[in-house]
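Chains as they are written, first to last, in the UniProt record's numbering: chain A, 1 to 617; chain B, 1 to 617. Accompanying notes for the structure given below.
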């Protein structure tokens, strides 16, 4: 596992808010406007309310546009009150930083006290919920919307680093060997699940059992709730000492089915627009399939190309003497594919995953040692902070959104979600087992079914739904409850369940301590990515062995020499000395107790034990 | 010089946009509303234009608020179209990432080709201007506002990391020894400059020589244009091999006078509000002075307290086994003071500066070696990216804002800015020289006058002005031109000027290569912060020597032991082995040419030379 830094970049470039700020013009003190604007007729006077101020701004925009003096203004000045807005944003940031700091300390305590049964994700949710409760109590007058879960923040800021880090630390051998199964689960399985949930909700609605939705709304809900969330799943699974194949199947599915789920949801929603010509059913299916293929392969291609460009740049441009530039380039290229893919309506999550994979394989060996360490640590830390924020936000959402709970709808949805996943996993596993060399056991199928956690992706997608007011609230509420249910209940039950299954079947692994903390593992500075490379052989008895071998041959014969640099002995020496110099630096900086004669060897030994433990893991 | 990571945090927590998104409710397809809302009467129908859509949203908000069914909604759902907005934001991010990548490569080329006369800041501005031009040519139909310079982004995302990094790498001895002079320049000097520029513009306006402004507008402009920008100044000065005292005076002044400038500007603007009771002149002066003191010392106190808390936390909570948590905590605490201070209307820039100083002094020695390296590298890289973005944005602003150039106004403003700075530097230096042991030479005074670069802070403040439309455009344009003039002309002339002055007076330093690239220095992984600590003695013949000594005694006797941890020999060993392990890791990862027998020693030697050169520097 490695580190991820995209976040930094966005932040560094500070783009997000640029695009969000509406940059409306400053309104004069009092406006009486009747613009020659098509069908718009606005008369506004000043009042002291914020709502009226909003109208105000909008009104002024019209005025400006209609005014003959100001044609083709490239960009308007920022709207008034932006200074005040800044102070408010700052306070929100302060608040969230406090929550993050608390989460860090909580995580540390969970690790220290070895209280493994509370996954960090659930602790973060509880922390967020607690913060939301406090906010609600103390800030009831203000009713600020700033603390809400914002899908834009989630998709642009929080998700990319998490996915990039997974890609960077992916066990590439396992992933590509199981790509066939992963694709079947991700594409076919998600489709099945969406059909089951969507159809079920629609029929139950027609039967007056649950809140009634049109078929478009039902299937949109079914599609978005079928997105198994990589963040929630990773947080639980990464920590568990599961079968690597099982981990890879669940992880791969959860990353790739996100793209499927997004395409399904948007395709369904396109029917909802009255402006869209209702084409024939077959045509619609074909266009959706075509769009899906473009999205899938286009996104992956963007990621791969970006990764390869970064490898070539860092191979041929010698930035090793200026690690800041080197690291800056890493950051830029780690976020680039996400931004590009999302910008042209492809799947950013797919692009950044593949970019991470390619960069860890080709770009990483071109880096100077300092930048390698920095990259690992920074990516890891940012992914950790982003995950913490995602879960804290989910907890916060309980108290910050207006919830409209329809109990029957929620309960039936949960049932349908579980049924839908069952219809996905069990039949498809059965079919796949005919083709797989490494069969999926009943137990693993059960865990796969059980571990289909829904997370922030589903919730963020639900916030994007553009139905009428009441239905939005109902769907958002249902999604939030399903997410919390799966993460807290299913996620919290995974460890006990696995122990239970383990004790039934075999006992040999029980000496290895199972921990729900993925942060604990992150503590090790060992580049497990490359460690796992060594153990790749074990799993290579897969069914795509021959092709895999073929690619690996080409890879080591042509691709690796082309994309990675060959360090001269002097460069290697320099890199080593650079690191040693840093170590000496640290040695000088810290205040140490005076040397005790023989404790050195002891320390050395304890560390070696420690390291070997990690290698074993 | 060290590194700075605040950026990461904001990004990690992803707050900014949260507060910016208006979270307006989704509008129904067609609205005919006449709400019982005070003085607001809106009738809206749908039209296909974006402007009308904005009205639309606003209208709906009113409807919702007035509707009896929906009282006290904690937070509304995000407005519709947020998914589309995301795609647009993503594309903007992609665009900026490309500019950043180009800037990195340009910087590298500037270093490689040893083309020292083009400072990186100017190269970045040119790059931004070029990008803006391209955008204008190819994107003329869209006229998107997303690429504009956004003061919120600047103040919340880009500025904090730059200032924190300066604080973290500050030569603390020099700074505190010259604190008296710095405060005089920053407070009194800025006040003088604001008076000269404001008064001059007002009088010239009355005399019909330049564009006419009211006295409030004149003094607001005078105040904001008196903010000497630390970013622009640092970028030039850091690279130059100037007298450390001179550097410290200019840097200290530029950081602290920002707070002065902001207080002056806001105080002047408060007069502009008709709602504010016009108090007596004396009362106003006293309240402004009081507010200033609170802002100044309150902000510094926040920074110091945050820094000390971080030191205590990292001393007593042993996170060294989990570097991600450790680094995460560093990130959190590095941004915390800025967010808190800005949130309660104090000066974030002051708070984060002092936090950086305290953290580098007390928190840094508590870190594990990996986190020390990561912190340095990451902070440095993020500050570099943020600086690049600031200058690129300034270049972009030339083509993205509607400029309204009043030539007379601009030329007289530049003249007044130079005169105002002269009235600041020369008389105050004369007075201060009575009290200073280390006198400011005529030459240094001249350089201080010359190097009062205005930068992004002044420009961002000008965007915050809330005057009427035309005046805003005139002032923003004038500010932008003054900023570009000072950065490009004065900044570009600094190196030739100093060479010229040097050749007149002395020739002894000419063998040392002068470079305008601060990135080149950043390349060295040596912690110059601690290096400079060693050379502190040289400058300690200052006029505050006795007090300084007193504090240093207390510091080393009580504060350092209280706030920093004492590593046991075993912990030191562990840290060392951790680093060595990472070095070995790198050694294994890279593809190296087979060992050649005797080149090792050679490499060793060349590196030692290299290092000693840095130390010398």
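Note that CB positions come from ideal geometry on N, CA and C, so glycine has one too.
Comparing alpha-carbon positions, which option in the options lies nearest residue i?
i: residue 385/A; options: 138/A, 478/A, 494/A, 103/A; result: 103/A
i: residue 402/A; options: 341/A, 107/A, 478/A; result: 478/A
i: residue 179/A; options: 107/A, 192/A, 254/A, 217/A; result: 254/A
i: residue 209/A; options: 472/A, 407/A, 418/A, 483/A; result: 407/A
i: residue 182/A; options: 233/A, 249/A, 556/A; result: 249/A
i: residue 341/A; options: 352/A, 333/A, 331/A, 332/A; result: 352/A
i: residue 159/B; options: 582/B, 456/B, 466/B; result: 456/B
i: residue 480/B; options: 463/B, 168/B, 496/B, 501/B; result: 463/B
i: residue 626/B; options: 393/B, 453/B, 191/B; result: In the structure as shown, chain B begins at 1 and stops at 617. Residue 626/B is therefore absent and cannot be evaluated.
i: residue 228/B; options: 213/B, 448/B, 347/B, 556/B; result: 448/B
i: residue 328/A; options: 371/A, 290/A, 556/A, 136/A; result: 371/A
i: residue 331/A; options: 577/B, 581/B, 98/B, 583/B; result: 98/B
i: residue 453/A; options: 233/A, 187/A, 190/A; result: 233/A
i: residue 155/A; options: 570/A, 415/A, 343/A, 577/A; result: 343/A
i: residue 359/B; options: 381/B, 333/B, 498/B, 126/B; result: 333/B
i: residue 221/A; options: 256/A, 261/A, 357/A; result: 261/A
i: residue 382/B; options: 586/B, 486/B, 122/B, 163/B; result: 163/B
i: residue 485/B; options: 348/B, 186/B, 459/B; result: 459/B
Cβ closer than 8 Å: which chain A residues qualify as neighbours of residue i?
i: residue 348/B; result: 90
i: residue 629/B; result: Residue 629/B lies beyond the range of chain B shown here (1 to 617); nothing can be said about it.
i: residue 224/B; result: Within 8 Å Cβ-Cβ: nothing; residue 224/B doesn't reach chain A, min ~12 Å.
In three-state DSSP terms, what is residue i?
i: residue 228/A; result: strand
i: residue 401/A; result: coil
i: residue 467/A; result: coil
i: residue 442/A; result: helix
i: residue 566/B; result: strand
i: residue 320/A; result: coil
i: residue 515/A; result: Bear in mind that the predicted position of residue 515/A carries a pLDDT of just 45, short of 50, making it unreliable; the figure below should be weighed with that in mind. Three-state result, residue 515/A: coil.
i: residue 421/B; result: helix
i: residue 30/A; result: With a pLDDT of 35 at residue 30/A, under the threshold of 50, the modelled position of this residue cannot be trusted; read the value that follows with caution. Coil, per DSSP.
i: residue 380/A; result: helix
i: residue 291/B; result: helix
i: residue 114/B; result: coil
i: residue 576/A; result: helix
i: residue 454/B; result: strand
i: residue 210/B; result: coil
i: residue 331/A; result: helix
Give the residues of chain B in contact with residue i, contact being defined as C-beta atoms less than 8 Å apart.
i: residue 335/A; result: 93, 97
i: residue 384/A; result: 324, 325, 328
Mind pulling the chain B residues with CB within less than 7 Å of residue i?
i: residue 155/A; result: 86
Cβ of residue i versus every heavy atom of the ligand PLP: is any distance shorter than 7 Å?
i: residue 111/A; result: Inclusion of the ligand PLP in the displayed structure is not the case, the ligand content being empty and no account of it being possible.
Can you pull the chain A residues whose beta carbon is under 7 Å from the beta carbon of residue i, in chain order?
i: residue 416/B; result: Those within 7 Å of residue 416/B in chain A number zero; the least Cβ separation is about 23 Å.
i: residue 340/B; result: 94
Which chain A residues sit within Cβ distance under 9 Å of residue i?
i: residue 380/B; result: 323, 324, 327
i: residue 412/B; result: Near residue 412/B there are no residues of chain A at all, since even the closest Cβ is about 23 Å away, more than 9 Å.
Below 7 Å between beta carbons is the criterion; list the residues of the region 309 to 327 of chain A that meet it against any residue of chain B, in chain order. 317, 319, 321, 322, 323, 324, 325, 327
How do the region 327 to 337 of chain B and the region 389 to 409 of chain B stand: do at least 3 beta-carbon pairs fall below 8 Å, yes or no? no
Is the region 358 to 366 of chain A in contact with the region 558 to 572 of chain A, if contact means three or more CB pairs nearer than 8 Å? yes
Report the residues of the region 353 to 374 of chain B with a CB closer than 9 Å to any CB of chain A, ordered along the chain. 364, 365, 366, 367, 368, 369, 370, 371, 372, 373, 374
For the region 104 to 118 of chain A, which residues have a CB atom closer than 8 Å to at least one CB atom of chain B, in sequence order? 104, 105, 107, 108, 111
Which residues, in chain order, does the region 570 to 582 of chain A contribute to contact with chain B at a C-beta distance below 9 Å? 570, 571, 572, 573, 574, 575, 576, 577, 578, 579, 580, 581, 582
Are three or more beta carbon pairs between the region 423 to 441 of chain A and the region 488 to 499 of chain A nearer than 8 Å? no
Check whether the region 195 to 213 of chain A touches the region 405 to 421 of chain A, taking contact to mean three or more Cβ pairs, one atom from each stretch, closer than 8 Å. yes
For the region 165 to 178 of chain A against the region 95 to 114 of chain B, are there 3 or more C-beta pairs whose distance is under 8 Å? no
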